[in-house]
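K.L.:
Take a look at the following structure, please.
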Amino acid sequence: MEPLSSYFLLSLVLLAIGIYGLIAKRNAIRLLFAVEIIINSATINFVAFSRYLQEPVITGQTFSLFAIALAATEAAVGLAIIVQAFRLNKDIDVLELKRLKG
Amino acid sequence: MAKLDIPLILIGALASAALLIPALDVGLGKARNAKFSGYFTLLILAFALLILTIGGLGLVPLDSSVPNLVQNDLLGVFFSFVVILVALLVTVTSFDYMKDNPNVSIYYSLLLFTSLGMVVLSFAVDLLMIFVAWELMSLPTFILAGFKKGDKLSNEAAVKYFILGALSSGVLLYGMSIIFGLSGSTNLNVVLNSLTNISPNMIPLAGFGAVMLIAGFGLKLSIVPFHMWIPDAYEGAPTTVSALLSAATKKAGFVAAIRVFAVLFPLLRFDLSMSLAIIALATMTLGNLSALTQKSITRMLAYSSIAQGGYLLIGLVVLPTSTLGLSGLLYHSLNHALLQATAFIAAAVVRYKTSKTSISSYNGLARVMPITAFSLMIALLGLVGIPPLNGFWSKLVLFTAAADGGFAWLALGGLVNTAISLGYYGIIVKRMYMDEPAEKVSIKEPFAMAAVLLITSAIIILTGIFPGPVFEFASRASTQFLSGI
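In structure tokens form, the structure reads like this:
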């Protein structure tokens, strides 16, 4: 297989794993992991496309660096919210978060 | 003659204020800075609004120093105007609403950061810039939604909003990576040029990318089937923040969607229009039907916000065929932002004074809090689209555009939905004006909140009676945008 399609396949598999994680898991930290996996699959795409295009460009690598930094800030904000949820509820099972309903 | 580089000025002003405000906690002391930061935020936002007005009226020609990243056009000016106006209203309401919170300066700082994100998003024409602005807009709102730290409901809203919001940026990023792979560039104008002569066997991949982008934007635009988090987030978050989320964040999501889909449409014209039309109808129907059975006002307004998102989507459906649709989208964005902000701020006043959000607590509100009840009535009637108010004109434009663009069934669906929505908006007006209050003690509304409510109601009525200038601005912005692509 040519390298670009194998990289694209890898990113598709990672995307599928991330979406599976979001649907099947109940722990908020695991959901955060699943989202991070999706972001990383997109990052792989950017780097692979950037390297194997007909005329390779640097934009993809730049974009991936931005994506990594933003994913880190997102994780920081998310962990802060989840820690607060744990303090309030002694639990981070998202299915137990059902006070808001209607 | 000097050129006005709006994005650059606003980035400088908003970012430096947002960074300065928390730092002043040390300099001034927390108690004094709590008051000062609110007024300072108001000042900065008023300055931003002034700059945008000058740019929007065309007094000074617009120019951008980094045209590859941000395009300084009227479309961006229009949406920035909407979000800054809403941020300003929310700030003034928060003077009282957030008074007892120990971290007020952080609140205002985050408010400025999210406004900055939305402004940059309105102007961004590069996928990289769109993504960075998207995150700058989203991250502060996650924290704002959970800003009442000890409140379990606020925290629950933040957790739900965060998971779905993070998913939205992940999926959006994936969609962008595919667009980049197909075109070899992230600048939307270059993407447009290289996608027009794409090889046919790459079309399915482009379709996959478009689906990912719809999902990513859809989570923020609250379109069906990505709407589940909206009612929970709006109900649990502080009500002023709900006003910001519904009236501003959603609009900023729309402008990014407009810019990206204007590029994607030439590629897969028919399919995308049709699927967006079906999504629009599903969104407005589901939003309106669910709103009918709600018991909490914030939850009802959340479903109403979903339904209004469906109306707005009509503008995207007819984007490739008419400028009228885009003008209608812009026009309805402004009107909807005003109406929804007024309704949420009225709900915030009631929650601040009585700490109640249930619809039954609005019985006889007209006698207890007359100004709040009046503004809420104006806002709700405007959301239905009763003729002399501004909501009527923008809905008219949107439905006409749908009918002209060959989507007569969508216009008809919109009309039926408007009739349904009268049910739940009307019931609140009836409760406020015809029912007896539980206690006949009149409650004094705080001055700042009452002023905001009266000013927004006045704007709603005036722009309803004289719809010309606003619509003119919207159609100038959309014509300029569509002639540019």
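As you go down the protein sequences, you meet chains G and C in turn. Each number in the working numbering corresponds to the 1-based position in the first sequence with 193 added. Each number in the working numbering corresponds to the 1-based position in the second sequence with 888 added. Quick reminder that beta carbons are idealized off the backbone N, C-alpha and C, glycines included. Since this is a predicted model, take the numbers as computed values, not measurements.
With a 10 Å radius around its C-beta and 16 neighbouring C-beta atoms as the bar for buried, classify Met-1337/C as buried or exposed.
P.N.:
As a first step, residue 1337/C is located in the second sequence; it is residue number 449 there, counting from the start. That one is buried.
K.L.:
If we count Cβ pairs, one from each stretch, closer than 8 Å, do we get three or more for the segment 1207-1216 of chain C versus the segment 1279-1286 of chain C?
P.N.:
Yes: at least three Cβ pairs fall under 8 Å.
K.L.:
Assign Asp-284/G to one of two classes, buried (16 or more other C-beta atoms within 10 Å of its C-beta) or exposed (fewer than that).
P.N.:
To locate residue 284/G, count along the first sequence from 1; it is residue 91. Exposed is the call here.
K.L.:
If you measure from the beta carbon of Thr-1127/C to each beta carbon in chain G, is any gap under 8 Å?
P.N.:
In the second sequence, the residue the question calls residue 1127/C occupies position 239. Cβ-Cβ to chain G under 8 Å: no for Thr-1127/C.
K.L.:
Taking 8 Å as the threshold (beta carbon to beta carbon), is Ala-987/C in contact with chain G?
P.N.:
One-based indexing of the second sequence puts residue 987/C at position 99. In the sequence under discussion, the amino acid at residue 987/C is Lys, which differs from the Ala named in the question. No, because no Cβ of chain G sits closer than 8 Å to the Cβ of Lys-987/C.
K.L.:
Taking 8 Å as the threshold (beta carbon to beta carbon), is Ser-1065/C in contact with chain G?
P.N.:
The sequence position of residue 1065/C within the second sequence is 177, counting from 1. At least one chain G Cβ lies under 8 Å of Ser-1065/C.
K.L.:
Counting only beta-carbon separations shorter than 8 Å, does Phe-1050/C have a partner in chain G?
P.N.:
Within the second sequence, numbered from 1, the residue matching residue 1050/C stands at position 162. Cβ-Cβ to chain G under 8 Å: yes for Phe-1050/C.
K.L.:
Short of 6 Å in beta carbon distance, which residues of its chain neighbour Ile-275/G, apart from the five on each side in sequence? Order them along the chain.
P.N.:
Sequence index remark: in the first sequence, residue 275/G carries index 82 (1-based). The residues are Ala-221 and Ile-285.
K.L.:
List the residues of chain C that Arg-292/G touches, going by C-beta distances under 7 Å, in chain order.
P.N.:
Your numbering for residue 292/G matches position 99 in the first sequence. Per Cβ cutoff of 7 Å: Lys-1040, Leu-1041 and Glu-1044.
K.L.:
Does the segment 985-996 of chain C come within contact of the segment 906-920 of chain C, defined as at least 3 CB pairs closer than 8 Å?
P.N.:
Flag = yes, the segment 985-996 of chain C and the segment 906-920 of chain C touch.
K.L.:
Could you pull the start and end residues of the alpha helix (DSSP H) that His-1115/C belongs to?
P.N.:
Numbered from 1 along the second sequence, position 227 holds the residue referred to as residue 1115/C. Counting along the chain, His-1115/C falls outside any alpha helix (DSSP H), and DSSP gives it neither H nor E.
K.L.:
Work out the CA separation of Ala-1234/C and Leu-977/C for me, nearest whole Å.
P.N.:
Looking up residue 977/C in the second sequence gives position 89. Looking up residue 1234/C in the second sequence gives position 346. So the two alpha carbons sit approximately 12 Å from each other.
K.L.:
On a Cα-Cα basis, can you pick out the residue from Ser-1057/C, Ser-1309/C and Met-1162/C that is closest to Gly-1294/C?
P.N.:
Against the second sequence, residue 1294/C aligns to sequence position 406. It is Met-1162/C whose Cα lies nearest to the Cα of Gly-1294/C.
K.L.:
Under 8 Å between C-beta atoms, does Phe-226/G make it to chain C?
P.N.:
Stepping through the first sequence from its first residue, residue 226/G is reached at position 33. With 8 Å as the cut-off, Phe-226/G does not count as an interface residue toward chain C.
K.L.:
Might you give, ordered along the chain, the residues of its own chain that have their beta carbon closer than 7 Å to the beta carbon of Gly-1106/C, omitting 5 neighbours on each side?
P.N.:
On the second sequence, residue 1106/C is found 218 positions in, with the first residue counted as 1. Around Gly-1106/C: Phe-1114.
K.L.:
Under 8 Å between the Cβ atoms of Thr-941/C and Ala-1236/C?
P.N.:
Counting from one through the second sequence, the residue named residue 941/C turns up at place 53. Counting from one through the second sequence, the residue named residue 1236/C turns up at place 348. Contact flag unset, no.
K.L.:
Give the secondary structure of Leu-892/C by DSSP, where H, G and I count as helix, E and B as strand, and everything else as coil.
P.N.:
As a first step, residue 892/C is located in the second sequence; it is residue number 4 there, counting from the start. The answer is strand: DSSP assigns Leu-892/C an E or B state.
K.L.:
Sort Ile-1185/C, Ile-1274/C, Leu-1201/C and Arg-1239/C by Cα distance to Ile-1247/C and report the nearest one.
P.N.:
Here residue 1247/C refers to the residue found at position 359 when the second sequence is read from its first residue. If we check each option's Cα against that of Ile-1247/C, Ile-1185/C comes out closest.
K.L.:
Does Lys-291/G pass the burial test, meaning 16 or more other C-beta atoms within 10 Å, or should it be called exposed?
P.N.:
Taking the first residue of the first sequence as 1, we reach residue 291/G at position 98. When all chains shown are included, Lys-291/G counts as exposed.
K.L.:
Note down, in chain order, all residues in the segment 1052-1082 of chain C with a beta-carbon under 8 Å from any beta-carbon belonging to chain G.
P.N.:
Flagged, chain order: Ala-1054, Leu-1055, Ser-1057, Gly-1058, Val-1059, Leu-1061, Tyr-1062, Met-1064, Ser-1065, Ile-1066, Phe-1068, Gly-1069, Gly-1072, Ser-1073 and Thr-1074.
K.L.:
Please state whether the Cβ-Cβ distance between Gly-1141/C and Leu-1109/C is less than 8 Å.
P.N.:
In the second sequence, counting from the first residue as 1, residue 1141/C sits at position 253. In the second sequence, counting from the first residue as 1, residue 1109/C sits at position 221. In contact: Gly-1141/C and Leu-1109/C (Cβ atoms closer than 8 Å).
K.L.:
So Leu-258/G contacts chain C; which residues on that side make the cut at Cβ distance below 9 Å?
P.N.:
Within the first sequence, numbered from 1, the residue matching residue 258/G stands at position 65. The contacting residues do not exist; Leu-258/G stays about 10 Å from chain C at best.
K.L.:
Name, in chain order, the residues that DSSP records as bridge partners for Ser-1366/C.
P.N.:
If you number the second sequence from 1, residue 1366/C lands on position 478. In DSSP, Ser-1366/C forms no bridge with anything.
K.L.:
Would you mind telling me which residues of chain C sit closer than 8 Å to Ala-221/G, beta carbon to beta carbon, in chain order?
P.N.:
As a position in the first sequence, residue 221/G is number 28, starting the count at 1. In chain order: Val-1047 and Ile-1051.
K.L.:
How many Å lie between Thr-1242/C and Val-240/G at the Cα?
P.N.:
Within the second sequence, numbered from 1, the residue matching residue 1242/C stands at position 354. Within the first sequence, numbered from 1, the residue matching residue 240/G stands at position 47. Each residue's Cα considered, the two are about 55 Å apart.
K.L.:
Closest to Glu-1044/C by C-alpha separation, out of Thr-1344/C, Phe-1030/C and Trp-1281/C, would be which residue?
P.N.:
Residue mapping note: residue 1044/C aligns to position 156 of the second sequence, counting from 1. Checked all of Thr-1344/C, Phe-1030/C and Trp-1281/C; the closest Cα to Glu-1044/C is Phe-1030/C.
K.L.:
Alpha carbon to alpha carbon, how far is Leu-1226/C from Leu-1177/C?
P.N.:
Translated into the one-based positions of the second sequence, residue 1226/C becomes position 338. Translated into the one-based positions of the second sequence, residue 1177/C becomes position 289. Whole-angstrom Cα-Cα distance: 23 Å.
K.L.:
Going residue by residue through the segment 1153-1202 of chain C, where are the continuous alpha helix (DSSP H) segments of at least 4 residues, counting only ones entirely within it?
P.N.:
Correct list: 1157-1180.
K.L.:
Would you check if there are 3 or more beta carbon pairs closer than 8 Å linking the segment 1050-1069 of chain C to the segment 237-254 of chain G?
P.N.:
Yes, the segment 1050-1069 of chain C touches the segment 237-254 of chain G.
K.L.:
Could you say which of Asn-238/G, Ile-212/G, Ile-237/G and Arg-219/G lies nearest to Ala-227/G if we only look at CA atoms?
P.N.:
For the purposes of this step, residue 227/G is taken as residue 34 along the first sequence, with counting starting at 1. The shortest C-alpha separation from Ala-227/G is found at Ile-212/G.
K.L.:
Can you confirm whether the segment 1164-1175 of chain C touches the segment 1298-1314 of chain C when touching is taken to mean that 3 or more C-beta pairs between the two stretches lie within less than 8 Å?
P.N.:
A contact exists between the segment 1298-1314 of chain C and the segment 1164-1175 of chain C.
K.L.:
Could you check whether the Cβ of Val-1020/C sits closer than 8 Å to any Cβ belonging to chain G?
P.N.:
Residue numbering aside, residue 1020/C sits at position 132 when the second sequence is read from its first letter. With 8 Å as the cut-off, Val-1020/C counts as an interface residue toward chain G.
K.L.:
In chain G, what lies closer than 7 Å to Asp-1120/C by C-beta?
P.N.:
One-based indexing of the second sequence puts residue 1120/C at position 232. Going along chain G in sequence order, the residues near Asp-1120/C (Cβ under 7 Å) are Leu-293.
K.L.:
Among residues of its own chain, excluding the 5 on either side of Gln-1182/C, which ones have a beta-carbon nearer than 6 Å to its beta-carbon?
P.N.:
Stepping through the second sequence from its first residue, residue 1182/C is reached at position 294. Result list for Gln-1182/C: Met-1188, in chain order.
K.L.:
Would you mind telling me which residues of chain C sit closer than 8 Å to Gly-214/G, beta carbon to beta carbon, in chain order?
P.N.:
Counting from 1 along the first sequence, the entry for residue 214/G is found at position 21. Going along chain C, no residue has its Cβ under 8 Å from Gly-214/G, so there is no contact; the nearest lies around 11 Å.
K.L.:
If we define contact as Cβ-Cβ less than 8 Å, is Leu-281/G a contact residue for chain C?
P.N.:
For this step, residue 281/G is matched to residue 88 along the first sequence. Answer yes: the Cβ-Cβ gap between Leu-281/G and chain C drops below 8 Å somewhere.
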